[in-house]
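Visitor:
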Amino acid sequence: MGFLTYGPESGYSLRKRFFQPGMPKLSQVYRTLKEMAVEGLVTSTREQQEKRPARNMYCLTKKGKAEFQRWMAGAWKVAPVKERLVLKLSFASQVKKKAIIAGMDNFIKVKKEELAYYETEARKHIEKTALGRDNLDRFYWELVLDFLVRRCKAELEWAEEAMQKIVNGSLPRVAASNAQGGKGLKKQRTRP
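With our numbering applied, the sequence shown closes on residue 252, and no number is skipped along the way.
Spelled out as structure tokens, the structure:
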């Protein structure tokens, strides 16, 4: 809805505004636009194009603009972590170490690609999109990009450290157990 505050957009052009790692499927964009139209938040008009098929252009209604303002003014909720990796690692002792390492390798690879995208393509995207716009837009877009880069770097740093621990089999000792004269954790139960 926020992108429509700048002016009319097609579903395809709206989708292209998202940074690649968070880019929704085109079907999701159109489904959301359809729901918004039913709620009276947007209207659509058919626009003819030269050498291309006609497209639907979506525009916020007064009700849509008011809803956007209400949403922005509301509490900024923090969503709980729903990372698949966290769930899978919780049960990693039940599978072979090789499978855990493969999963972590993939996570690290994806995070490196994501970080490279943010540091190059996303930055170019902001520069291109910000041309002719208010500097305040660019300021907030840069803040969002900074958040995404920092989060990605933190996830990557954690994943690389976790991978070393998994490969080396080094588990942290339980402080409470050691303080009471215990021997800490016993041998890791991960299957070879």
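Beta carbons: idealized from backbone N, C-alpha and C, even for Gly.
Model, not experiment: these values are computed from the prediction.
1) Would you check if there are 3 or more beta carbon pairs closer than 8 Å linking the segment 99 to 119 to the segment 66 to 77?
2) For residue 104, write down the residues that DSSP places opposite it in a beta bridge.
3) Between which residues of its own chain and residue 75 is the CB-CB distance below 6 Å, once the five residues before and five after are set aside?
4) Please look up how many angstroms separate the CB atoms of residue 132 and residue 223, rounded, as I've assumed it's under 8 Å.
5) Who are the near neighbours of residue 201 in its chain, counting only those whose CB is closer than 6 Å to its CB and skipping five residues on each side?
6) Per DSSP, which one or two residues make a beta bridge with residue 69?
7) Can you give me the C-alpha to C-alpha distance between residue 158 and residue 128, rounded to a whole angstrom?
8) Distance check for residue 166 and residue 173, CA to CA, integer angstroms please.
9) Which whole-angstrom value describes the C-beta separation of residue 190 and residue 198, a residue pair presumed to lie in contact below a C-beta threshold of 8 Å?
10) From what residue to what residue does the alpha helix (DSSP H) around residue 201 run?
11) Would you give the residue range spanned by the alpha helix (DSSP H) that residue 96 belongs to?
12) In its own chain, which residues sit with a C-beta less than 8 Å from the C-beta of residue 277, not counting the 5 before and 5 after it?
13) Roughly how many angstroms lie between the CA atoms of residue 136 and residue 203, to the nearest whole one?
14) When DSSP builds the beta bridges, which residues end up paired with residue 112?
15) Helix, strand or coil: how does DSSP classify residue 191 here?
16) Going by the beta-carbon positions, is the gap between residue 168 and residue 208 smaller than 8 Å?
17) What three-state label does DSSP hand residue 139 in the structure shown?
18) Does DSSP put residue 134 in a helix, a strand or coil?
Guide: Once the coordinates are examined:
1) yes
2) 118
3) 86, 89
4) Not a contact, Cβ separation roughly 40 Å.
5) 186
6) 118
7) 48 Å
8) 11 Å
9) 4 Å
10) 195 to 228
11) 86 to 98
12) There is no way to answer for residue 277, as the model of the chain reaches only from 61 to 252.
13) 16 Å
14) 109
15) coil
16) no
17) coil
18) coil
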